[in-house]
Amino acid sequence: MKHLHPLAVAAAALLLAPAAHAQAKLNIPQASPAVRVRQAFSTSFIELNYSRPSLRGRVAFGGLVPYGQVWRTGANAVTTIRFGEEVKVAGQAVPAGTYALLAIPGKTDWTFVLNRDTAQWGAYAYRPGLDVLRVPAKAAPLAAPQETMSLTLENLRPAAADLVLAWDHAAVTLPLTADPDRLVLKQIAAAMKGEKKPYMAAAQYYYNSGQDLTPALGWLDEYIKAHPAEYSGYYWKAKLLQKQGKNAEAIAAANQSLALVKDDKNEVAKAEYTRLNQAVLAAAGAKK
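The sequence shown lines up with residues -22 to -1, 1 to 266 when you count with mature numbering (1 follows the signal peptide of the UniProt record, and there is no 0).
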């Protein structure tokens, strides 16, 4: 009788083992937890997808992450950044889309890279020919070491934000800017050709972004014509007139708003618009 090799017997036994002997899957903490950050920015958004490595007793830059070499800017799959509209990264224009965010660390001087290959694992298959841009950045020391790497959007403004990488003893900032005025003004121009014209929202945007207030006042007149009993239209007209230095007209519009708001049964709204109109009156120099 032919004898089977012991290894073959063992392998056959494993194949024939009952399903009950299969090992259960364990849910354990990830060594480098995955993160997805989506932040409203300008007229759209910025989205980051990355994994956060930790020090665990190691040195990050110049150790775990060598100086002068392309790094995935995180762990596991390459970090990606998605822009919902055209932005400028450190002053260089980048179209809307998703990009691999790579970095080349140095002791003080860094380089950030946007690359078209968003499917690479790590930076092992990095191809410089797919770079969209390379921009320099400076590393600043952290007062206390940070155990786990982070990518955050800081100093958020309507048209700008800072992408900040922090880990170990270093923080590196990459400035991002947008041009929301160009996009919003195009939206307003297109919307004003339609049936549902956004008179109020357009006038408010012109006021808040420092645009020419002449067309905005015309839009508010159209809004008031359609909503003669609504006090908010007169209030915003008063604000725009006061900003133009037309104080007498601003006072008249604010007083009209106050006369209408007296009939509002919502006490919270009544108190708020009373306060707002009184502020316009004070700015316009109305006598008490």
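We treat Cβ as the ideally placed atom computed from N, Cα and C, and that holds for glycine.
In the structure shown, Lys217 falls within a helical segment according to DSSP collapsed to helix, strand and coil. At least 8 Å separates the beta-carbon of Ala216 from that of Trp197.
Bounds of any beta strand (DSSP E) do not take in Asn255; it lies within the alpha helix (DSSP H) bounded by Glu245 to Ala261.
Here Ser29 carries a strand assignment [DSSP, helix/strand/coil].
Contact annotation, Ala148 with Phe39: C-beta distance approximately 6 Å; criterion of less than 8 Å satisfied.
Shortest Cα-Cα distance from Ser187 to any of Ser210, Lys174, Lys221 and Gly172 involves Lys221. When the alpha-carbon of Gly223 is set against those of Leu238, Lys248 and Ala262, the nearest one is in Ala262.
If you draw a straight line from the Cα of Ala231 to the Cα of Lys171, it is about 28 Å long. Distance between Ala78 and Lys175, taken at the CA atoms: about 40 Å. Fully enclosed alpha helix (DSSP H) runs of no fewer than 4 residues occupy 209 to 221 and 225 to 239 of the segment 192 to 241, in order along the chain. Shown here, Arg16 sits in a strand according to DSSP, grouped into three states.
The residue from Asp157, Val13 and Gln182 with its alpha-carbon nearest to that of Glu25 is Val13. Straight-line spacing of the CA atoms in Ala121 and Gln47 works out to 26 Å.
In this structure, the CA atom of Leu141 is about 10 Å from the CA atom of Ser128. Exclusion of the five residues before and after Pro73 leaves Glu64 as the residues of its chain whose Cβ lies within less than 6 Å of its Cβ. Beta-bridge pairing by DSSP links Ile59 to Leu26 and Tyr77. Distance between Pro193 and Phe90, taken at the CA atoms: about 43 Å.
In the DSSP annotation of this structure, the continuous segment of the beta strand (DSSP E) that includes Val110 starts and ends at Asp109 to Arg135. Straight through space, the alpha carbons of Ser22 and Leu254 are spaced by roughly 30 Å.
Separation of the CB atoms of Ala137 and Ser20 is rounded to 6 Å, and the pair is thereby assigned contact status at 8 Å.
For Gly69, the closest alpha carbon among the candidates Tyr209, Ala167, Leu152 and Ala204 is that of Leu152.
According to DSSP, residue pairing for Ala9 in a beta bridge does not occur. Cβ atoms of Val56 and Leu92 stay farther apart than 8 Å, at about 11 Å.
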